[in-house]
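Colleague: Residue 1 is where the sequence shown starts when you use full-length UniProt numbering, and the numbers rise one by one after that. Glycine included, each C-beta is placed from N, C-alpha and C at the ideal position. I have a structure here, written as C-alpha cells, and I will follow up with some questions on it.
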Amino acid sequence: MRKINAVLVWVRMAQLQQGGPDEKEKTTALKDLLSRIDLDELMKKDEPPLEFPDTLEGFEYIFNEKGQLRHAKTGEPFVFNYREDLHRWNQKRYEALGEIITKYVYGLLEKECHLKKVTLPVDATESEPKSFIFMSEDALTNPDKLLVLIHGSGVVRAGQWARRLIINEDLDSGTQIPYIKRAVEEGYGVIVLNPNENYIEVEKTKAQVQLSSDSSDEPAEKRERKDKIQKETKKRRDFYEKYRNPQKEKETMQIYIRDNGSPEEHAVYVWDHFISQSAAENVFFVAHSYGGLAFVQLMIQREAEVKNKVTAVALTDSVHNVWHQEAGKTIREWMRENCCNWVSSSEPLDMAVESMLPDCPRVSAGTERHELTSWKSFPSIFRFFSEALEAKNSSVKPTPTRRSNRIKYEEL
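Below you can see the structure in the form of C-alpha cells.
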C-alpha cells in the first residue's frame with residue numbers, strides 16, 4: 001500500500017509539471033516536501049481519525065482487583081502501539097486514555113478516600129477559569145496532624161504521582177491513594193494539591209489569531225515584508241498539510257487561573273487560604289519532583305509561617321535547588337533539620353546518599369526509577385513523620401531514617 005501511495009505522489013508531480021505557473025509552484029512545493037520528509041512520514045496521510053472513546057468501557061479497559069489496568073476481554077495489559085507505524089495516532093490515543101484516568105482517580109479520591117472537592121479561587125465568579133483541590137472533612141479542624149501532598153510537573157493531576165505507573169503498573173504505585181488512606185488511619189487531616197491545573201484552553205477565533213499577528217510594534221514597512229513572507233510560508237505549509245497532517249488540530253489559547261497560574265503560585269495560594277488557616281499543630285508535606293521546588297519556593301515566600309507550622313517534609317526525588325532558588329541560610333538550616341529527600345538510587349532503601357547541596361539529607365528510595373520514588377519510600381516516610389513528631393514532643397531532633405543514622409555511627 002505504501003509503495004502504491006509513493007508512486008501516486010510521483011505521478012501527481014509529473015502531471016503538475018505539465019500545467020501552468022500555479023501547477024509548477026505546487027510541483028516545487030511537493031519536491032520541497034519530499035526532500036524534507038521521509039516517505040514513511042508522508043504516508044501517514046491515511047491516518048485514522050483522531051477520535052477516541054471518553055470512558056474506560058469505551059476503550060474496553062478496566063482496573064482489576066489488584067488495581068491493574070487490563071483489557072476487559074483479553075486481560076492483557078495496555079498496549080501503546082495499537083496501530084503499527086502510526087506513532088502520532090497511538091500517542092493521541094494514549095493521551096485520551098490518560099484524561100479518562102485523571103477523572104477516574106478524581107472519582108476514587110471522592111468515593112474511596114472520602115475527600116471533598118474544593119474550588120479555587122475561593123471567591124471565583126461563575127464565568128472565570130477555576131481549579132480545585134481535594135480535602136478530608138477534618139482538614140481544617142483536625143487539631144493534631146495535617147498531611148499535604150504535592151505531585152510533580154507534567155500531565156499528572158491531583159491524586160497522581162505518575163500516569164505511566166497507573167497505566168502500566170497499578171493504582172497503588174501511581175496514585176497518592178495509599179498515602180491518603182494511611183494518613184486517615186493514623187489520624188491525619190489531608191489536603192491534596194493540584195499544582196498543574198493552571199489554565200483552561202479555548203479555541204482561538206480568527207479575530208484572535210489576526211490580533212496576535214498584528215500586535216507587533218514593528219515599523220509598518222518591516223511588518224509588511226514580514227507579513228508577506230508569513231503568507232507565502234503559510235500557503236506552502238497549508239499545501240504540505242494536506243499530505244503530511246490532514247487532521248490539523250485547532251489553534252487554542254490559554255486562559256490562566258487567577259492566583260494559580262503556576263505550581264509555585266498554587267502552593268502559596270493553598271497555604272494562604274487553607275493550610276495556614278488549619279487548626280493542626282503539626283503539618284507534614286510529601287512533595288515529589290517539581291513539587292519539592294514548589295515547596296522550597298513556598299518556604300522562601302512564607303518562611304516564618306512554614307517554620308511555625310510545619311513539623312517535617314518528605315521529598316521524593318525533588319528537583320529543587322537552594323542556590324538557583326536563592327534560599328537563604330536560615331531556610332537551608334531549617335531544611336537540614338526538618339526535611340529528607342528520598343532520591344532515585346541503586347542503593348538499598350534509606351541508605352544515605354551523598355549530596356552536593358547544603359540543604360536536606362538525601363537517602364535512597366530503593367529504586368533507580370524517578371517516578372517510583374514516592375511509592376518505594378512510602379513506609380519510610382510515615383516512619384520519618386512519626387519520629388519527627390515524637391522528637392518534637394520530646395524536644396529532640398529526629399534523624400532522617402533509622403538506617404542512615406546507623407551508618408553514620410558505624411562510620412564514626
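Give me the residue from I257, L146, E281 and V118 with the minimum Cα distance to F134.
Modeller: The shortest Cα separation from F134 among I257, L146, E281 and V118 belongs to V118.
Colleague: Can you tell me whether DSSP reads W334 as helix, strand or coil?
Modeller: Helix at W334.
Colleague: With a threshold of 8 angstroms on Cβ separation, who are the neighbours of Q325 within its own chain once the five nearest residues in sequence on each side are excluded?
Modeller: The answer, listed in chain order, is L293, V296, Q297 and I300.
Colleague: Which class does W342 belong to by DSSP, given the choice of helix, strand or coil?
Modeller: Looking at W342 - three-state DSSP - the assignment turns out to be strand.
Colleague: Which of the three DSSP states is assigned to L69 in this structure?
Modeller: Strand, per DSSP.
Colleague: Per DSSP, M253 is paired with what?
Modeller: M253 pairs with V202.
Colleague: What's the C-alpha gap between A391 and Q277?
Modeller: Looking at the two C-alpha atoms, the distance is approximately 24 angstroms.
Colleague: Bridge partners for S364 per DSSP, in chain order?
Modeller: According to DSSP, which records beta bridges pairwise, S364 is partnered with V343.
Colleague: Counting C-beta neighbours from all protein chains within 10 Å, is the total for W334 16 or more, i.e. buried, or is it exposed?
Modeller: Under this definition W334 is a buried residue.
Colleague: Taking the Cβ atom as the reference point for each residue, do W161 and S344 lie within a distance shorter than 7 angstroms?
Modeller: Not a contact, by the Cβ cut-off of 7 angstroms.
Colleague: What residue range is occupied by the uninterrupted alpha helix (DSSP H) comprising L165?
Modeller: Run containing L165: R163 to N168, per the alpha helix (DSSP H) assignment.
Colleague: For S127 and Y256, what's the separation of their Cα atoms in angstroms?
Modeller: Roughly 13 angstroms between the two C-alpha positions.
Colleague: Run through the region 66 to 126 for me and flag every whole beta strand (DSSP E) of 3 or more residues, listed as ranges in chain order.
Modeller: The region 66 to 126 contains these whole beta strand (DSSP E) runs: 69 to 71 and 116 to 120.
Colleague: According to DSSP, simplified to helix, strand and coil, what is T55?
Modeller: Correct three-state label for T55: coil.
Colleague: Assuming F384 and A312 form a contact by the criterion Cβ under 8 angstroms, report the distance between their Cβ atoms to the nearest whole angstrom.
Modeller: The Cβ separation is near 6 angstroms, so the contact holds.
Colleague: Which ranges would you report for the alpha helix (DSSP H) in the region 273 to 303 if only whole runs of at least 4 residues count?
Modeller: As far as the region 273 to 303 is concerned, its whole alpha helix (DSSP H) runs of at least 4 residues are 290 to 301.
Colleague: Give the DSSP-derived three-state secondary structure of L357 in the structure shown.
Modeller: Here L357 sits in coil by DSSP.
Colleague: Hey, quick one: how far does the alpha helix (DSSP H) through S173 stretch, first residue to last?
Modeller: Run containing S173: L171 to G174, per the alpha helix (DSSP H) assignment.
Colleague: Check K130 in the structure and name its three-state DSSP category.
Modeller: Of the three classes helix, strand and coil, the one that applies to K130 here is coil, per DSSP.
Colleague: Write down the C-beta distance between L193 and V270 rounded to the nearest angstrom, noting that I regard them as a contact closer than 8 angstroms.
Modeller: Right, their Cβ atoms sit about 6 angstroms apart.
Colleague: With respect to the alpha helix (DSSP H) encompassing T311, which residues constitute its N-terminal and C-terminal limits?
Modeller: From DSSP, T311 is part of no alpha helix (DSSP H) but of the beta strand (DSSP E) over V310 to T316.
Colleague: Quick one: what does DSSP say L389 is sitting in, helix, strand or coil?
Modeller: In the structure shown, L389 sits in a helix (DSSP, three-state: H, G or I).
Colleague: By DSSP, does L147 sit in helix, in strand, or in coil?
Modeller: Of the three classes helix, strand and coil, the one that applies to L147 here is strand, per DSSP.
Colleague: By Cβ distance below 6 angstroms, which residues in the same chain neighbour L109 in space, the five residues on each side in sequence not counted?
Modeller: L115, F134 and G159.
Colleague: Give the straight-line distance between the Cα atoms of K309 and V283, rounded to the nearest whole angstrom.
Modeller: Each residue's Cα considered, the two are about 6 angstroms apart.
Colleague: Taking the alpha-carbon of W323 as reference, which of L357, G189, P348 and Y290 has the nearest alpha-carbon?
Modeller: The option with the nearest alpha carbon to W323 is L357.
Colleague: Less than 8 angstroms between C-beta atoms, sequence neighbours within five positions excluded: which residues of the same chain meet that for C339?
Modeller: So the list reads A312, V313, A314, L315, D359, C360 and P361, once near-sequence residues are dropped.
Colleague: From R93, N168 and V306, pick the residue whose C-alpha is nearest to that of V148; which is it?
Modeller: Closest option to V148, Cα to Cα, is V306.
Colleague: G291 and H151: beta carbons closer than 7 angstroms?
Modeller: Cβ distance < 7 angstroms, so G291 and H151 count as in contact.
Colleague: Report yes or no: do the region 64 to 81 and the region 163 to 175 share at least 3 C-beta pairs separated by less than 8 angstroms?
Modeller: Yes, the region 64 to 81 is in contact with the region 163 to 175.
Colleague: Determine, using beta carbons only, whether S131 and L120 come nearer to each other than 7 angstroms.
Modeller: In contact: S131 and L120 (Cβ atoms closer than 7 angstroms).
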